[in-house]
Structure formats: structure tokens, C-alpha cells
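Start counting the sequence shown at 5; every next residue gets the next number (my numbering). The beta-carbon is built from N, C-alpha and C at its ideal position, and this holds for glycine as well. Below: the structure, in C-alpha cells.
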Amino acid sequence: MRLGFAVVAVAVMSVPASLFAQIRSMGAMADRGPDKDAMHVMITTFKAPAAENAQREKGLGYLAAEEMRDKVEGAFPPKQIWVIPVDKINPFLTASGFSTTDALEPHDAKQLSVQIRADEYIAGTVARTAAGYRVEADLVLTRDINARQPLGVGEAPKLGDAIKIIVKEYKEARKQLDGEKKCATAARDQKYTEAIPFANAAIAAYPKSTLGRACLLEATYRLNKGSNDEVVKIAKDLAAIDSRSNTALKFILDAYDKAGPSMSDSLVLTLLKMMQNDPKNSALQIDAISRITIAKNPAVARPVIDSAVVQNPGDPDLLKLRWQILGAMKDWKEMFTQGQELVRLDTSFADTTYFLRTAQAYVADSAWQKAASAFAEGVKKFPTNAILVAFEIQMLQKAGQPQQALEKLDKAIAAKVPVPNAGAQKIALLTEMGKSELIVPTVRELIAAGDTAESTRQYVINAANAKFNASQALTKTDVAAADTSYASTLAMLAYSDSIATKAQKPQVAFLTGASSILLAQIRAAASQPTKSCDLAKSAKALGVDAMINLQKGGASAPKPIMDQLMGMAMQLDTQLDPLIKSYACK
């Protein structure tokens, strides 16, 4: 059956793609499956120019992958290599909503490789040339997306012959894997001295080894507890073989970083290269831009990227990089223009990173309303993105629209969007809007949902303190309203005491004591015109509570204030006994 695959592969460009797939599927059915010791290798659709892929149902990238599978199967005995058939791959792609005939992005390919339990995978690109075909490919170890071995370039009049060149290199490249695996195992166990000879063995087995050099680099760095000349040399050797290796550039960058301002230009250019190597890694992009900004040298990047854009007009990756550099330079106007152009060229550019960076640029320009609008656009496209939702709420608040911010937050909570610190944001908005009566119910909900943060409990204490201050102000204008307000304060403080941490309890006790004595004074005075026993007795009980709580919370207040309040409580208690007696209270 393998011979049949080889015959089909020779005539691949003349056989309809659908028939090719049927023949391969028949072969997969007849195959006995992998040997127990065989390495499982995944090969997915190669990247190809969109126009070439559109020329047929299953385009050039798909056909290149079929050729690669066939040639790899023919180059290795089944006990050594098992090429995972497409009928084992396609169900995973379909279930995840991916096309079975389109190339995958690197992180998606790695995830698929994990799902189908491949040990390694081959990813590549293919294009037609004036002389025939040009193919490039990488061997990638499933355990680490950065564990990549370039397999060079294959060029030939026939696609199958170009693939043969890659497969021949793949066969050579696999000679390093035994040494690399032993090196990785030793390094994982922190046995760096043992790891280094294994890495050197991998390099000796395959002089162009990037996998062996990456392990050698890591082990040497760990053994030396940092960068030195040897580490930098290994990193530069690795980068010379694979210019896309951010593993190598990371160590080179570390050396430049330690060298200080004298190497800032080199540091910025290295960061730019790393960003170019992995343009879809938003974490890397943000970190790199931040470091360029910290280096205070984004101007170094500007002429480099401007020149590259001129030389490669319309290249979306370069335009994205320029957009990021404009942001680092704080050239907001040009950044906004560049971003809008990119979205027109490629609507997929308007991803979460785009909205975040654009809105953050508006924030830096103190344009809060525009920032809120940018986040709103992002939320419209990505309604369940918690970070975008959280920032939109913050920007609405900054723009002086707390009610709209609260409505957005309540909507997100109802939709179970995991907005970071949603409870804290809601309480802050309620406080800003003067809706202190809603703070306690909100905190109750948060605690019932499992919130254990001390800060959440502090919100109720803060609200009670604000209520206490408001009650004092009312005493001068409306005693009856002050009575109601103090009673409400004490209710809030009672709840606070039930949820407060040990460190918070003295503050709660002091506020309870202070509120109690001031309310006791109001009720004692109010009892006199009508000789109300109920008011007098309430004042007496409040005075006793005040003395108890003031003693508990004494450490949380200045001594003069504490002494004054305690004196008031003791004096009132002395005055109330004859007063209650004169009322003939039972």
C-alpha cells in the first residue's frame, strides 16, 4: 500500500485533489496503525498564497501537506515514524470550527498536535515560482512551540521533488533528537552539568541543530546563573541558523539589558526583531513596546520600520509593527490614522489588542470619551472579553458617566462576563453616585458568592463612616433626620462587625460607639418635651453600648477624641437615671 502512495504522489498534480484524498483514506484504513515505539508525526496544510489556494477546491498548501505525508512515510520504517492520517486529524479540526484544508496559525497547530497526541509536527509554506515550486518547513516538538528546527528550502520544477529536499533534511535533522531529549530531561531535573554533553552530542549528530543549541543555551545560562560571553555566543550561533528564534534573541536581549544604556540601540532593534518574529503574540508585543518606551529610545525603531514599510508596501505585519512603534513614540495622531488604515486593509486586525492599545492611547491623550468609545467598539465585537468590558466601564466613569458605567457593569455581571474586580468596581460606582444604601446588599451578594477579600468588607465600613459624617451634619439642621441617619449607620455597622476581619473590628467598634453616644444624646433630648420613657430608655441603652464599643475601639482613634466621647457617654449615663425616674418609667 505504501508503494501505491508513492505512485500517486508522483502524479499528484494531475490527479484531482478529491481522488487523492480518497486513495489516502483507503491507505489509512488498511494501515495497521502505529508501532508502540513509533514517533507520532503530524503534518498539516502548508501556508500558500491565497490566490493559489483559491484555484482549486483543495489548494496548493493542502497538496503540499499530502506530498509531505507521503514522502515521510516512504522515508522511514513504520516502527520509527507514524505519520498521523488526515482522518485522525480532521475530526479535531471540524469540532473546533477550523477548516480541514486551510493552514493553521502556529499556536493552533501546537494545540492540535497536543490534542491528537503527536510527538512532533511539520509546518511549512509553499509557493509557485517561475521555475516550479519553493517549499520551506520546520520540525516542531509538541512539548514547546519554540522547540523548532528549520528544515531549509526545497526548490524544484515539480512539487514532489521540492518536498523530497525537505524530507531529506528532516531525516538528517532527526539525528539530533536523542541527544536533545536527554539534554531536556537533565535540564528539567536541574542537572545542567549533565545536560551540556547531551546537547553537544545532538549538535555533533546534526551540525545545523537548533534544538540541541537551544537546550545547550538554557543549560549554560542556568549553570552560570546568568548571561556571559559563552551564553551570548551560543545564542548568536542559534540565531544565525534560525533568525526567527526568539529563544536565542531572548538571551541576547538579556545581555544587552545588563550592559545598560550603552547597548540601548541594540536592545531596541532586538526587541523589534522579536516582535516581527511573533506578531500575533500580544503579550510579547506589549512587553516589547513597554521596554522600548522604558529605554526612551523608540525613535531608533521609527526610521527602521518606516524604511521597511516603504520597501514592502501593504505588508500587514510591518504596518502593524509600525502602528505599535507609533504608540511607543506617543505619536497618537499618526497611530490612530495607521490603525484605521490597517482595519480597512484587514478587518481581522481589529482584535482585542487593537482596541486595547487604541483606547489606551486615547487615555494617554486624556481623551476619556474617545477611549470609552474605542472600548465600546471592542466590546461590540468581543462582548465576552472581560478586559475590554472592564476598561469600557472605567472609561465611562472617567468621562463622568457613572450611571452608564453601572448599567454596563450590571449587564456584564448578569451575562457572567468575568470582569476583574467587578464587585469592587460596582461599589466604587455606587459610592461615587451617593447610593450608599445599595453598598451593603452588594457586599452581601459578593460574600455569599465566596468573596473573602478584606477590601470588600472595608467598603461597608467606609460607607458607614460616610453615613456617620452625614448624620453629624444633619444634627445641625434636622434632628429627626439625624436620628434616622444614625440608626441606619448603626445597622450598617452591625453588619460590618459580623463580617469584619480581626484587624478591622476596632475601627467598627469605635464608629459604633461614636454613633451610639451621639444618637443617645439626640434621643435623651427628644424625650424631655413629652417625657417619653421609650426614648429615654433607648438613650440609656445606647449610652451603655457606646461605652462598651468605645473601649473596644479605643486603639483606632486619637486619644483626645476617645476621651471626649467616653466622657460624654459617662455624663449622659449619669444624667439619664434621674431623668427616667422623673418620668416614672416602669
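Cβ contact annotation for T214 (same chain, cutoff 7 Å, sequence separation greater than five): R152, Q153, P154, L242, I245, D246 and S249, in chain order.
One thing to note: F80 has its Cβ no nearer than 8 Å to the Cβ of A68. Remark: C-beta atoms of R306 and M333 approach each other more closely than 8 Å.
Per DSSP, L143 is one residue of the beta strand (DSSP E) stretching across G136 to L145. By the Cβ test, the stretch 430 to 444 is in contact with the stretch 395 to 409, since at least three Cβ pairs between them sit closer than 8 Å. Closest in alpha carbon position to R138, among K168, E441 and L450, is K168. In this structure, the beta-carbon distance from L275 to I296 falls below 8 Å. For M496 against K471, the beta-carbon gap comes to about 6 Å, under 8 Å, which counts as contact. Partner residues in a beta bridge of I309, as assigned by DSSP, do not exist.
The residue from N204, L116, L580 and S492 with its alpha-carbon nearest to that of Y125 is L116. Beta bridge pairing from DSSP links P406 with no other residue. For T129, DSSP records a beta bridge to K51 and E140. In the three-state DSSP reduction, E441 falls in the helix class (H, G or I).
In this structure L221 is buried. Its beta-carbon is surrounded by 16 or more other beta-carbon atoms within 10 angstroms. When DSSP states are grouped into helix, strand and coil, M333 belongs to the coil group. Comparing alpha carbon positions, the residue from K114, A486, L583 and K83 closest to I93 is K114.
For L155, no alpha helix (DSSP H) encloses it; the enclosing beta strand (DSSP E) starts and ends at R152 to A160.
Beta bridge pairing from DSSP links E124 with V45 and L145. For I238, the secondary structure class from DSSP, reduced to helix, strand or coil, is helix.
Looking at the DSSP output, I85 bridges to M43.
Counting the other Cβ atoms within 10 Å of the Cβ of R121 gives fewer than 16, which makes it exposed. Taking a 10 Å sphere around the C-beta of I565, we find fewer than 16 other C-beta atoms and assign the residue as exposed. Taking A239 as reference, the option from K229, T251, N228 and G230 with the minimal CA-CA separation is T251. For M551, the closest of C537, P424, A524 and T534 by C-alpha to C-alpha distance is A524. Apart from sequence neighbours up to five positions away, the residues of its chain that approach L349 with a beta-carbon distance below 8 Å are G318, P320 and L323, ordered along the chain. Straight-line measurement puts the Cα of A418 at about 24 Å from the Cα of Q462. CA-to-CA, the gap between L583 and S560 works out to about 33 Å. Counting along the chain, K480 sits inside no alpha helix (DSSP H), nor does DSSP assign it H or E at all. Considering only G128, K212 and E184, the residue with the shortest C-alpha distance to P201 is E184.
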